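Counting from 1, position 434 in the sequence shown corresponds to residue 432 in the working numbering; the numbering is continuous, with no gaps.
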Amino acid sequence: MLEEAGLRAAIAPSIAGLVLSLEEGAGFALVTEEALASASLRDLAAWIEAQPEWSDFPFILLTLRGGGLERNPSAARYLSVLGNVTFLERPFHPTTLVSLAQSALRGRRRQYEARARLDDLHRLATDLEKRVEERTAKHEAALAQLHEAQKLETLGQLTGGVAHDFNNLLTPIMGALDMLQRKYAEEDARSARLIDNALQSADRAKTLVQRLLGFARRQSLETKAVDVSALVEGMRDLIASSLGPEIDLRIRRDPDLPAAMADPNQLELAILNLCVNARDAMPGGGMLSIVADQVASVPGSQPRLAPGLYLRLSVIDNGSGMGPDTLARAVEPFYSTKETGRGTGLGLSMVHGLAAQLGGGFALSSAPGEGTRADLYLRVAGEDAAQGQSRRPHPFVAGGRPLAILLVDDEELVRVATAEMLRDLGHHVTDAESGADGLAKLSAGLEPDIVVTDYKMPGMDGAELARRVRELRPQMPVLLITGYTGTTEDVHHLPRLAKPFGQTELATALAALIEGDGKVVRLPARRR
-1 MLEEAGLRAA
9 IAPSIAGLVL
19 SLEEGAGFAL
29 VTEEALASAS
39 LRDLAAWIEA
49 QPEWSDFPFI
59 LLTLRGGGLE
69 RNPSAARYLS
79 VLGNVTFLER
89 PFHPTTLVSL
99 AQSALRGRRR
109 QYEARARLDD
119 LHRLATDLEK
129 RVEERTAKHE
139 AALAQLHEAQ
149 KLETLGQLTG
159 GVAHDFNNLL
169 TPIMGALDML
179 QRKYAEEDAR
189 SARLIDNALQ
199 SADRAKTLVQ
209 RLLGFARRQS
219 LETKAVDVSA
229 LVEGMRDLIA
239 SSLGPEIDLR
249 IRRDPDLPAA
259 MADPNQLELA
269 ILNLCVNARD
279 AMPGGGMLSI
289 VADQVASVPG
299 SQPRLAPGLY
309 LRLSVIDNGS
319 GMGPDTLARA
329 VEPFYSTKET
339 GRGTGLGLSM
349 VHGLAAQLGG
359 GFALSSAPGE
369 GTRADLYLRV
379 AGEDAAQGQS
389 RRPHPFVAGG
399 RPLAILLVDD
409 EELVRVATAE
419 MLRDLGHHVT
429 DAESGADGLA
439 KLSAGLEPDI
449 VVTDYKMPGM
459 DGAELARRVR
469 ELRPQMPVLL
479 ITGYTGTTED
489 VHHLPRLAKP
499 FGQTELATAL
509 AALIEGDGKV
519 VRLPARRR
């Protein structure tokens, strides 16, 4: 009957033969109740139990009393063994058998199709898991970089705030020392010496604050001719204290070394970064050499330099050194071999970027156990730039007639000190403790010659005050004083005076606003 319906059938003479046919890939099994009743079903049950999860092999069981438990209690035994079983009571119509056989085959075919889909899904899931792992790794790496960047940004914000506070503290100190020096310098040599020492300390503090601000934000470079020999020598104590007593510091430089084009503040920071990196490579102590000499660019050498003369500043240590893989990535941003929390991975990348921005180059050479050499190449300054370096501008102060000045600053110490410096210069000063207070005085009829205002103030800041002043008095000069090195775009057109400043710098800034009037006289410069 099955073959007449187009279904290929094979006869199994025993349960063992049936199991063999099942293993060879039969689509369904047609079994009589009598064959099961007289044989052991252990092997058949084991085969059925061993089916994979996707498989549920179909059986058609021919019975004499149907499959109901009431009429055929043994059917329950066969149901528990065979699982996916359809009972067909004899006698039966051939059409019924063929229909059941075709239905069983369709079900078995769907099982194989489901297995294929499951295999596809498994492969897809495996591929997705691999992609997820890869993307997770990239995401974690990006998060780590973001964390370092946020840590650096947060630290920069804190540092910038501290530096701003230091600037506000240094301004009255430097101003008072300036006035004391001019008053007592010629009368009392001892007082002059003490005041001069205090001024030198204040200048060093000012330099320190500039370094903090340089770390806190990216600054535009103030490139000029720099005596690198003098700069490095001036950093000797700072470098030595950063290295510690276990490391021997040696500085060598060629005689008659020319000036180089650089931003001195950023160059100091770069040198300090290189020295600290060298220190960390010598935990047990060692020797660090700083060598400055003049070289000519060589085509094809590293780093690639434009033709010309360069000042080469080398920082050389005899520390642990770096392998090829580490050396190849050393200047990558955020790449660091230091323990978590001990480095940002930005030190060498900052030095590399500075060298490129200055038109020079940066090169590293190292080998495990042989130390590291870092070479910073700076363009040699032209004769005009080098001569310009030695010419110091003369400070000026407004003269001819005293100026009426509106001084606005929310910091009382700075406001009082600046007012005293201005009055000592012969000017009339009206002070205001906020932008709103200053604007109210102008609106009430105050007619100053110049407005001097702090930039960072609560409420109305210096930029907004300057804009409002220009609305009231379009020709009114405004001098912006600020403890930050960077300001917003809306005040770039305004003359600025950076904190901390002394009386000399204040007088020079005022003179720059009115020097076209010819009403300037020299102010004796601070003695050194």
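C-beta atoms are modelled at their ideal positions from N, C-alpha and C, and glycine is treated no differently.
Nothing here was measured: the structure is a model prediction, and the numbers come from that model.
Separation of residue j from residue i, as counted between CA atoms
i, j, result
"LEU247", "ASN316", "12 Å"
"LYS128", "LEU346", "34 Å"
"LEU374", "LEU477", "38 Å"
"LEU440", "PRO446", "8 Å"
"PRO475", "VAL412", "21 Å"
"PRO89", "ARG106", "26 Å"
"ARG113", "LEU126", "19 Å"
"ARG104", "VAL130", "38 Å"
"LEU18", "ASP54", "17 Å"
"HIS426", "PRO400", "7 Å"
"LEU141", "LEU272", "27 Å"
"ASP429", "GLY282", "58 Å"
"ALA43", "LEU80", "7 Å"
"ALA238", "PRO498", "27 Å"
"GLY358", "ALA258", "10 Å"
"GLN385", "HIS137", "With a pLDDT of only 47 at GLN385, under 50, the local geometry of the prediction cannot be trusted, and the value read off the model is given with reservation. Roughly 53 Å separates the two Cα atoms."
"ARG251", "VAL450", "45 Å"
"ALA260", "VAL224", "6 Å"
"ALA496", "GLU503", "9 Å"
"GLU22", "LEU119", "26 Å"
"ALA3", "ARG133", "56 Å"
"HIS350", "LEU376", "12 Å"
"PRO391", "GLY460", "Annotation note: pLDDT 39 at PRO391 (below 50); position unreliable, coordinate value reported separately. Rounded to the nearest angstrom, the two C-alpha atoms are 27 Å apart."
"TRP52", "GLN100", "20 Å"
"ASP407", "ASP452", "5 Å"
"LYS222", "ASP163", "28 Å"
"LEU311", "ALA290", "5 Å"
"GLY436", "ARG465", "13 Å"
Identified DSSP bridge partners for residue i
i, result
"GLN292", "LEU309"
"SER364", "THR370"
"ILE245", "GLY284"
"ALA430", "VAL406"
"PHE90", "Beta-bridge pairing links PHE90 to no other residue."
"TYR375", "ARG310, GLY359"
"ALA223", "MET259"
"VAL83", "PHE57"
"LEU477", "VAL450"
"ALA496", "THR480"
"ARG63", "Looking at the DSSP assignment, ARG63 forms no beta bridge with any residue, so it has no partner."
"ASP315", "LEU286, THR370"
"ARG250", "VAL289"
Cβ neighbour criterion (16 or more within 10 Å) applied to residue i
i, result
"LEU16", "buried"
"MET280", "buried"
"PRO243", "exposed"
"GLY500", "buried"
"ILE403", "buried"
"GLU368", "exposed"
"LEU420", "buried"
"GLY457", "exposed"
"SER364", "buried"
"GLU31", "buried"
"ALA507", "buried"
"GLY424", "exposed"
"MET(-1)", "exposed"
"THR124", "exposed"
"ALA110", "In the sequence on display, residue 110 carries Tyr and not Ala. It is exposed - the Cβ of TYR110 has fewer than 16 other Cβ atoms within 10 Å."
"GLN198", "exposed"
"ASP117", "exposed"
"PRO92", "exposed"
"GLU469", "exposed"
"ILE314", "buried"
"ARG277", "buried"
"ILE448", "buried"
"ARG6", "exposed"
Beta carbon proximity, residue i to chain B, threshold 8 Å
i, result
"ALA442", "Chain labels in this structure do not include chain B; a single protein chain is all it has."
Are at least three pairs of beta-carbons, each pair with one atom in the region 263 to 275 and one in the region 296 to 306, less than 8 Å apart? no
Please determine if the region 164 to 178 and the region 407 to 418 are in contact, where contact requires at least 3 C-beta pairs separated by less than 8 Å. yes
Below 8 Å, can you find three or more Cβ-Cβ pairs linking the region 28 to 38 to the region 5 to 14? yes
Please list the segments of the alpha helix (DSSP H) lying wholly inside the region 18 to 49, counting only runs of 4 or more residues, in order along the chain. 31 to 35, 40 to 47
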